[in-house]
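Residue numbers (the working numbering): 889 to 1551.
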């Protein structure tokens, strides 16, 4: 629902968000009040110790104060339970109750100070039980006050004042267009500055230069653009995600149309080609995982990794000219050796250098497949995250390549950095001098997969036989023309409902539209949605049939419904309907970008869980890029992206194929 307005500004909390925290505090206050009442009743008439008079007054006032707070909390919880997310009308009296509850914090604070003074007074010599209870009361008061202050800081919206003015004035049609435009410009500028400050604060530990400042501004503009046209609070998004997950599971349980099912004959050339590519992908995924260095190796071998790495660090290592960047104690290189199974002499170049748009990679000789492998690391640092989030589009212009198009800006700059190192520094020439008959293979996972794909496009003319394996690359990477061009030499591998493989600005806009639509038109209170959603995510069961205003309607709508308009600050670019004065011929800021190359989609077919182990069976198939044009909500949407999960799935398929051949 629209954010709650208190003290003339908007807050990042809704009027229906006080049910669960209010009920918890109400439970604590009731237990507290009963305990104080029992203490006062048992010791009534026995407050004749030193300081007993003050204690008697303290308990009486505390009982009255707690009773008032319990009444206020009960009213807040009851009112907050009314209505739905998009219908805050039954909760219109909530701000007055919140003002009353906030006023009660003043006497509570004063009484907490009085209690602290009384407990710390050495002249007080009352019964030990009474002293302990009063001490616990004082501690509980201060804990609640501190958590309340923290909660206020969390839900504080730096743009609350400006958003409130914009929302209020937006209703009036008498506002001059020039004034409206200036007001909207001020809101946008302030929002960009706020996001930029947040990003700088998160990245305060890294050295910041001009590239960082440009990236901060670009990323801040991206976040401002994405969040500017809706009035949702975080709990609305959580409710929308759980509703979408249950709706998605209901749709998946329905039988698919025949044309939606892609199947191949077991003996068809397509299946044979798939088996070969899966086997190659399983082999090269070890290189992509090894690029992460010791964090990945320790994560996958928590009990033995340190012992093996300590043994490796004492051995000889290549000369310093072969390695750039910091590798303290030789842990990164030792991990790469352990994961790939290669020897020291097999490595041509290793770079651990890491800055924004400059990511680590290594070049090695793979004698088993007779290949020169360039492995690019995925996201592992704040600099890598900034590279990921620099999601503006730019043109990729290459000689003799007619399929030029849009590409992800940050990842393209990372690919340019590695391209300059490989070509200008003569790294590839050195490798082919050693092994001239070997082929070139470029691999990477996540950010590394996207960088490897664009790097392969850049090197394609010089090395026509090169191959690229992109594991879980980001979805918003290449325009359609470039994606089609790469089908001849790039293979992407996606596992399950991987979130990153579906990440692009159009997909995020589509997710936002779906969240707004399903949240705005659900006829259940938010607390019921969240409680049912938590139960469903943890314990499973059948998806709940939440009634919505969309039941019985055609959901392919071009205009937002009335309930949705209450959650929109202005018209969202997600909707296909355009204003009369829209620039129809101007290119979109974030056009549709796709996954690179041919796509192998691996899904979990069955899982037989036992007490001490779980046997998961996977199936692989060729897939179209349009399958990944929508973000799927699932508890595994993040874990399916992890390199160890991808490697496990590929190894399982490769072993199954090998067993079939041996049979």
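Heads up, the beta-carbon is just placed ideally off N, CA and C, and yes, glycines get one too.
query: Can you tell me whether residue 1422 is buried or exposed, with buried defined as 16 or more other CB within 10 angstroms of its CB?; result: exposed
query: Ordered along the chain, which non-local residues of its own chain (more than five positions away) have a Cβ less than 6 Å from that of residue 1390?; result: 1363, 1516 and 1519
query: If contact is defined by three or more beta carbon pairs under 8 Å, each pair taking one atom from either stretch, is the segment 1406-1421 in contact with the segment 968-975?; result: yes
query: What residues in its chain sit with their C-beta under 6 Å from that of residue 968, if we drop five residues either side in the sequence?; result: 904, 906 and 907
query: Only counting runs of 4 or more residues, tell me where the alpha helix (DSSP H) segments fall wholly within the segment 1366-1448, in order along the chain.; result: 1368-1373, 1393-1408 and 1414-1427
query: Expressed to the nearest angstrom, what Euclidean distance is found between the alpha-carbon atoms of residue 1041 and residue 1006?; result: 30 Å
query: Hey, out of 1529, 1385 and 1531, whose CA is closest to residue 1140's CA?; result: 1385
query: Applying the 10 Å Cβ sphere with the 16-neighbour rule, what's the burial state of residue 1395?; result: buried
query: Mapping DSSP to helix, strand and coil, what is residue 1298?; result: helix
query: What runs of the alpha helix (DSSP H), each 4 residues or longer, lie entirely inside the segment 952-989?; result: none
query: Tell me, which residues are paired with residue 1249 by DSSP?; result: 1239 and 1264
query: Going by alpha carbons, who is nearest to residue 1339 out of 1413, 1264 and 1398?; result: 1264
query: Drop a sphere of 10 angstroms on the beta-carbon of residue 919, count the other beta-carbons inside from all chains shown, and report buried for 16 or more, exposed for fewer.; result: exposed
query: Starting from residue 1284 and walking both ways along the beta strand (DSSP E), at which residues does that stretch end?; result: 1281-1284
query: What's the call for residue 1276, buried or exposed, on a 16-neighbour Cβ count within 10 Å?; result: buried
query: Hey, residue 985 and residue 963: beta-carbon distance below 8 Å or not?; result: yes
query: DSSP has residue 1333 in a bridge; who is on the other side?; result: 1359
query: Where does residue 897 fall in DSSP's three states?; result: strand
query: Look up residue 1469 in the DSSP assignment and say whether it is helix, strand or coil.; result: Because residue 1469 carries a pLDDT of 37, less than 50, the predicted location of this residue cannot be relied on, and no value is offered for it.
query: Can you tell me whether residue 1312 is buried or exposed, with buried defined as 16 or more other CB within 10 angstroms of its CB?; result: exposed
query: Could you pull the start and end residues of the alpha helix (DSSP H) that residue 1317 belongs to?; result: 1315-1322
query: Could you please give the first and the last residue of the uninterrupted alpha helix (DSSP H) stretch that includes residue 1121?; result: No alpha helix (DSSP H) contains residue 1121, which DSSP labels as neither H nor E.
query: Can residue 1341 and residue 1485 be called in contact, C-beta distance under 8 Å?; result: yes
query: For residue 1490, list the residues DSSP reports as bridge partners.; result: 1383 and 1508
query: Can you name, in chain order, every residue of its own chain whose Cβ lies under 8 Å from the Cβ of residue 911, other than the five neighbours on each side?; result: 965
query: What are the boundary residues of the alpha helix (DSSP H) that residue 913 is part of?; result: 907-930
query: Give the C-beta separation of residue 1371 and residue 1513 to the nearest angstrom, bearing in mind that I take them to be a contact with Cβ-Cβ under 8 Å.; result: 6 Å
query: Classify residue 996: buried if its beta carbon has 16 or more other beta carbons within 10 angstroms, exposed otherwise.; result: buried
query: I believe residue 1266 touches residue 1333 by the beta-carbon criterion, under 8 Å. Please report the beta-carbon distance rounded to the nearest angstrom.; result: 5 Å
query: Taking all protein chains shown into account, decide if residue 998 is buried (16 or more other Cβ within 10 angstroms of its Cβ) or exposed.; result: exposed
query: Can you tell me where the alpha helix (DSSP H) holding residue 1040 begins and where it ends?; result: 1016-1043
query: Helix, strand or coil for residue 1179, going by three-state DSSP, please let me know.; result: coil
query: Go ahead and pull the three-state DSSP assignment for residue 1222.; result: helix
query: Considering only C-alpha positions, which residue in the set 1168, 954 and 943 is nearest to residue 913?; result: 954
query: How big is the Cα-Cα spacing for residue 893 and residue 980?; result: 11 Å
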